[in-house]
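Below is one structure; the comments refer to it alone.
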Amino acid sequence: MGFIKSYKHLEKLCGEIMNDDRRISAYIDEMINTPRGSFLIRGWDDDLKHLKHYRWIRNQIVHEPNCTEQNMCEPCDTEWLDDFYSRIMNQIDPLTLYAKATALKPMKKITQITKAEPETYAYSQKVINPKKPSRKAIGFMVVLAVIALIVATIFIISKAF
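Residues in the sequence shown are numbered consecutively from 0, following numbering that gives the first Met the number 0.
Structure representation (structure tokens):
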């Protein structure tokens, strides 16, 4: 396809999905007015830049007497338009990806709570319950008791001899 033919093809599709007579301009405006689009969707700014540029090229070809596809376009321009058309059809275009990324996720049903007491955090650090010793402390006390028992046994045995 030539540039103008590919542009018209994409323009018709954008008009249908946006339900707007401004077609590609409506798609562009929606991208401009979408908060965090460039933050959430990879390639958002690049796609927006291309769409604006190709709209400008189309306007130049249609409205300026000495502008033609031959002196305004490269084959890669037509390829990009056709690729963007395919991305819309496959629902991997920027606005569709944004809608998917920002859609409310269904909450998982909580069936059982396994912890008896919730963890409490103060200043982003876990608050330790002073009434309940930690596992490390209990393990340390057991090791100390075993060492003390061994030392006492050695002391008693050495006194006997």
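Glycine residues also receive a C-beta, built at the ideal position from the N, C-alpha and C atoms.
**OP:** Hey, could you find the ends of the alpha helix (DSSP H) residue 104 is sitting in?
**Re:** Counting along the chain, residue 104 falls outside any alpha helix (DSSP H), and DSSP gives it neither H nor E.
Subject >> Assigned exposure category for residue 148 - 16 Cβ within 10 Å defines buried >> reply: exposed
Original post:
Is there contact between the stretch 33-46 and the stretch 66-77, where contact requires at least three CB pairs shorter than 8 Å?
Top reply: Contact between the stretch 33-46 and the stretch 66-77 is absent: fewer than three C-beta pairs spanning the two stretches fall below 8 Å.
Original post:
If you draw a straight line from the C-alpha of residue 43 to the C-alpha of residue 93, how long is it?
Top reply: Distance between residue 43 and residue 93, taken at the CA atoms: about 6 Å.
Original post:
Taking DSSP as the reference, what is the three-state secondary structure of residue 69?
Top reply: helix
Subject >> Backbone CA spacing between residue 143 and residue 99 [nearest angstrom] >> reply: In this model, residue 143 and residue 99 are separated by some 58 Å (Cα to Cα).
Original post:
Based on Cα-Cα distance, which residue from 137, 4, 13, 146 lies nearest to residue 68?
Top reply: The shortest CA-to-CA distance from residue 68 to any of 137, 4, 13, 146 is the one to 4.
**OP:** Taking only the alpha-carbon atoms, compute the straight-line gap between residue 22 and residue 28 and give it to the nearest angstrom.
**Re:** Going by C-alpha positions, residue 22 is about 10 Å away from residue 28.
Original post:
Looking only at its own chain, which residues have a Cβ that is under 7 Å from the Cβ of residue 79, when we skip the five neighbours before and after it?
Top reply: 49
Subject >> Reduced DSSP secondary structure (H/G/I, E/B, other) of residue 58 >> reply: helix
**OP:** Could you name the residues of the same chain whose beta carbon sits closer than 7 Å to that of residue 152, not counting the 5 residues immediately before and after it, in chain order?
**Re:** There are no such residues.
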